[in-house]
Structures are given as structure tokens and as C-alpha cells.
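A.B. asks:
Numbering (this note's numbering), first residue to last: 255 to 424.
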């Protein structure tokens, strides 16, 4: 007869990565990564209890609403979903949040901002993408205000002028 030996090592959710590894690859300390893991566990089990952050859970965390469609939340989710598999694993979560850390490299912050506005992923930020991004900001801020409507039209003219002057100067 054999004996059954149990291990005390607990199994982690899929996509879990060791805090020491993530700390070495991001601006976070090991204790910050461990704190992020606690937050991640709460977010990743808020709707679907599978240890992964789904788009609805991400939107719920950002806007306290899982049902209302939000293009900005969708865009940020897509940038965090590094594996492009429709969920955010713990490693993706930490690596993506790393860009917002005060000690993150300026180049990483610029790259993230560029990817945020390069909607078509062409390597260029085109006029339509700038206009769409400005429109998103206005939609988020606007609740029927006349002043914001005027700003919206002004921003359209500004985007048109910027691209026109850039084309003529090169």
C-alpha cells in the first residue's frame, strides 16, 4: 500500500506569476506586486469567479457599471490584454499598470499613450483617430452642456488645422 502525501503549496489561478519575477520586470516592489495581487483577486472574481479579469469586471472596476458600453474602458482593456485572449491575467495586469508607476520610464509612458491613440494599430496616429479620441473625452464629460458643445466644435477645427498645417509643412 502506498501513502498519500499532501502538499501544502496552494495552487494559484491561471495566469499567476510570482511577485519576485514581476517586480524584476516592472517598477513595482515585491510588496507592491503582492498588494496588486490582492486587488486583482477581488477584481477577477467580482462577476466571473475564475481568477481572470473579464471586460465586464474591468468596466465595473473603472465605472461601477458592467452593462453600459464604454469605448474608453474597452480601449484600455484591449491595451491591458497583452495576449489578446479576451481576459487580463495577473501578469498582464501588473505589467500594464507599471506604466502608471511614478518610477516608470518616460519612454514606456509615451509608448502606452501612443498605443492608446493609435486605434487602428498602424504605427501612426491619424486625423480620424485624434478626432475620435477627442470625441470620446467630450462624450465622457458631456451631459448636454452648451459650453462643451462649443468646445467639441472648436476641437474639431483644431484637429483639422493641425493636420492641414502638418501636411503643408512637410
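We treat Cβ as the ideally placed atom computed from N, Cα and C, and that holds for glycine.
Take every Cβ of the stretch 327-338, pair it with every Cβ of the stretch 285-299, and state whether three or more of those distances are shorter than 8 Å.
C.D. replies: no
A.B. asks: What residue from 354, 366, 341, 377 has the CA that sits closest to residue 270's CA?
C.D. replies: Nearest option by C-alpha distance: 341.
A.B. asks: With a cut-off of 8 Å on the beta carbons, I'd call residue 372 and residue 378 a contact; round off their distance for me.
C.D. replies: Rounded to the nearest angstrom, the Cβ distance from residue 372 to residue 378 is 7 Å, consistent with a contact under 8 Å.
A.B. asks: Taking the CB atoms as reference points, tell me whether residue 353 and residue 337 lie closer together than 8 Å.
C.D. replies: Against a cut-off of 8 Å, the Cβ pair of residue 337 and residue 353 comes out as no contact.
A.B. asks: Considering just the uninterrupted stretch of the alpha helix (DSSP H) at residue 367, what are its terminal residues?
C.D. replies: 360-371
A.B. asks: Roughly how far, in whole angstroms, is the beta-carbon of residue 292 from the beta-carbon of residue 273, given that I think they are within contact range, below 8 Å?
C.D. replies: Contact between residue 292 and residue 273 does not hold, since their C-beta atoms are separated by about 11 Å, which reaches or exceeds 8 Å.
A.B. asks: Among 357, 326, 339, whose alpha-carbon lies nearest the alpha-carbon of residue 383?
C.D. replies: By alpha-carbon distance to residue 383, the top candidate from 357, 326, 339 is 326.
A.B. asks: By DSSP, does residue 342 sit in helix, in strand, or in coil?
C.D. replies: In the three-state DSSP reduction, residue 342 falls in the strand class (E or B).
A.B. asks: CA-CA distance, residue 312 and residue 302?
C.D. replies: 11 Å
A.B. asks: Starting from the C-beta of residue 374, find all residues in its chain whose C-beta is less than 8 Å away, skip the five residues before and the five after it, and write them out in chain order.
C.D. replies: If you ignore the 5 residues before and after residue 374, its C-beta comes within less than 8 Å of the C-beta of 380, 383, all in its own chain and listed in chain order.
A.B. asks: Counting C-beta neighbours from all protein chains within 10 Å, is the total for residue 200 16 or more, i.e. buried, or is it exposed?
C.D. replies: Outside the shown range of the chain (255 to 424) lies residue 200, about which nothing can therefore be said.
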